[in-house]
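Colleague:
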Amino acid sequence: NFRKALTDYRDCEKTLVDFDLDEIKDLKLYFATNKDILSRRSKRDLSNIPLYLKMDPAILQIKVDAHADSRGRRRFNDNLSEKRSQAVVEYLLSIGIKAEMIYAVNYGERKPDHTNKTAQGRAKNRRADVQLLTSAPPTAEERKVIESARKAERRRLLTERSIFNRPPKVKPETDKAQSQDNAEEDKQELQTIENIPPSEEDYEDYADSVEPVKSIKSVEPDFIVHEPPTPNFINFDHLVDKNNQKAKSQ
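Quick note: the sequence shown, position 71, residue 82 per our numbering, numbers continuous.
So this is what it looks like as structure tokens:
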């Protein structure tokens with residue numbers, strides 16, 4: 012009797028899981044600035060998916076939505092989010108997930124989860140959302156239709172955001188320069204909407220190196236807030252005012 016009870020206990024122990032069943036169906040994986048490398052925590056969470064699929068055969072699709080924060084150029088961020096989704100897909104394949112179950116979409120900076128005005132908000136936007144769904148993934152033909160609709164929506168947004176439709180705003184000189192740069196980029200992207208890979212100039216325009224990743228938690232990182240500082244600009248307006256005052260007094 013004892014041997015049978017021990018065998019039953021060991022069989023039961025094998026079925027126990029050390030993860031939250033609801034959480035595993037809607038994972039959020041976070042990345043360091045300008046990185047597409049999965050953290051240990053992300054790999055650990057993804058490694059639980061095959062076990063969950065055995066427990067719930069109703070799951071037919073693993074959807075991967077990859078994102079970036081708003082620092083840098085849009086084409087650069089589109090390419091970066093694509094690399095992040097590819098990193099997730101490759102890891103899922105390496106742990107035995109079938110390729111036909113996986114559907115990956117790259118959004119760049121277009122779907123932020125939090126504000127991009129703070130370091131913590133940007134850290135939460137550098138992410139990949141992994142969902143386990145009971146609906147089947149779209150077929151190849153359906154994916155073409157979806158991608159075509161996404162490109163049409165991007166054209167519409169770029170047109171609305173173009174320099175010709177912007178209301179005049181009074182901003183500091185540095186913001187004005189950035190606004191003009193983005194407007195010019197909008198016009199270029201509107202002409203080449205087919206997700207052209209970023210050029211060397213794009214990479215030089217925004218060097219996104221970071222110091223080694225440090226966890227904001229004491230155990231393992233969730234999201235990473237460390238990022239390169241924004242360049243500081245010197246305001247010489249007060250010097251011009253003084254010179255003008257001297258000229259008037261003379």
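No residue lacks a Cβ here, since even glycine has one placed at the ideal position from N, Cα and C.
Starting from the Cα of Met-112, find the closest Cα among Asp-76, Ile-70, Gly-83 and give me that residue.
Modeller: Here the question's residue 112 lines up with position 101 in the sequence shown. Taking only the C-alpha atoms, the option nearest Met-112 is Ile-70.
Colleague: Do you know offhand how far Tyr-118's Cα is from Thr-18's?
Modeller: If you number the sequence shown from 1, residue 118 lands on position 107. If you number the sequence shown from 1, residue 18 lands on position 7. Between Tyr-118 and Thr-18, the C-alpha separation is close to 50 Å.
Colleague: For the region 98 to 143, list the alpha helix (DSSP H) runs that are entirely contained and at least 4 residues long, ordered along the chain.
Modeller: Counting whole runs of 4 or more residues, the region 98 to 143 contains the alpha helix (DSSP H) stretches 130 to 136.
Colleague: Taking only runs of the alpha helix (DSSP H) that begin and end inside the region 30 to 60, which ones reach a length of at least 4 residues, in chain order?
Modeller: Fully enclosed alpha helix (DSSP H) runs of 4 or longer: 32 to 35, 51 to 58.
Colleague: How many Å lie between Lys-39 and Arg-14 at the Cα?
Modeller: Translated into positions along the sequence shown, residue 39 becomes position 28. Translated into positions along the sequence shown, residue 14 becomes position 3. Lys-39 and Arg-14: Cα-Cα distance of roughly 43 Å.
Colleague: Beta-carbon separation of Asp-89 and Ala-98 under 9 Å?
Modeller: Position 78 of the sequence shown, counted from the first residue, corresponds to residue 89. Position 87 of the sequence shown, counted from the first residue, corresponds to residue 98. No, Cβ-Cβ distance for Asp-89 and Ala-98 is not below 9 Å.
Colleague: Pair every Cβ in the region 35 to 54 with every Cβ in the region 128 to 138, then say whether three or more of these pairs are closer than 8 Å.
Modeller: Contact holds: three or more Cβ-Cβ distances are below 8 Å.
Colleague: Given that a residue counts as buried once 16 or more other Cβ atoms are within 10 Å of its Cβ, and exposed if not, what is Gly-83?
Modeller: Residue numbering aside, residue 83 sits at position 72 when the sequence shown is read from its first letter. That one is buried.
Colleague: Relative to the alpha-carbon of Asp-56, which residue among Arg-154, Ala-77, Asp-76, Glu-34 has its alpha-carbon at the smallest distance?
Modeller: Walking along the sequence shown from the start, residue 56 turns up at place 45. Residue Glu-34 is the option with its Cα nearest to Asp-56.
Colleague: Quick check: the Cα distance between Ser-81 and Asn-127, rounded to an integer number of angstroms?
Modeller: For the purposes of this step, residue 81 is taken as the residue at position 70 of the sequence shown. For the purposes of this step, residue 127 is taken as the residue at position 116 of the sequence shown. C-alpha separation (whole angstroms): 6 Å.
Colleague: Can you tell me which residues form a DSSP beta bridge with Ala-77?
Modeller: One-based indexing of the sequence shown puts residue 77 at position 66. Looking at the DSSP assignment, Ala-77 forms a beta bridge with Asn-117, Ala-139.
Colleague: For Pro-123, which residues of its own chain have a beta-carbon under 8 Å away from its beta-carbon, when the five flanking residues on both sides are left out?
Modeller: One-based indexing of the sequence shown puts residue 123 at position 112. Closer than 8 Å at Cβ, skipping near neighbours: His-78, Asp-80, Ser-81, Gly-132, Asn-136.
Colleague: What's the C-alpha gap between Arg-340 and Leu-169?
Modeller: The structure shown does not extend to residue 340, since the chain is modelled only from 12 through 261, so no value can be given for it.
Colleague: May I have the straight-line CA-CA distance separating Val-75 from Ala-130, to the nearest angstrom?
Modeller: To locate residue 75, count along the sequence shown from 1; it is residue 64. To locate residue 130, count along the sequence shown from 1; it is residue 119. One C-alpha to the other measures close to 24 Å.
Colleague: Measure the alpha-carbon distance for Ser-58 versus Arg-95 and round it to whole angstroms.
Modeller: Taking the sequence shown and counting its residues from 1, one reaches residue 58 at position 47. Taking the sequence shown and counting its residues from 1, one reaches residue 95 at position 84. Looking at the two C-alpha atoms, the distance is approximately 17 Å.
Colleague: Using beta-carbon positions only, say whether Arg-166 and Glu-120 come within less than 9 Å of one another.
Modeller: Along the sequence shown, read from residue 1 onward, the residue named residue 166 stands at position 155. Along the sequence shown, read from residue 1 onward, the residue named residue 120 stands at position 109. No, Cβ-Cβ distance for Arg-166 and Glu-120 is not below 9 Å.
Colleague: Inspect the beta-carbon positions of Leu-144 and Ile-108 and report whether they are closer than 9 Å.
Modeller: Within the sequence shown, numbered from 1, the residue matching residue 144 stands at position 133. Within the sequence shown, numbered from 1, the residue matching residue 108 stands at position 97. No. Outside cutoff.
Colleague: For the alpha helix (DSSP H) that contains Leu-71, what are its first and last residues?
Modeller: By one-based count along the sequence shown, residue 71 stands at place 60. Counting along the chain, Leu-71 falls outside any alpha helix (DSSP H), and DSSP gives it neither H nor E.
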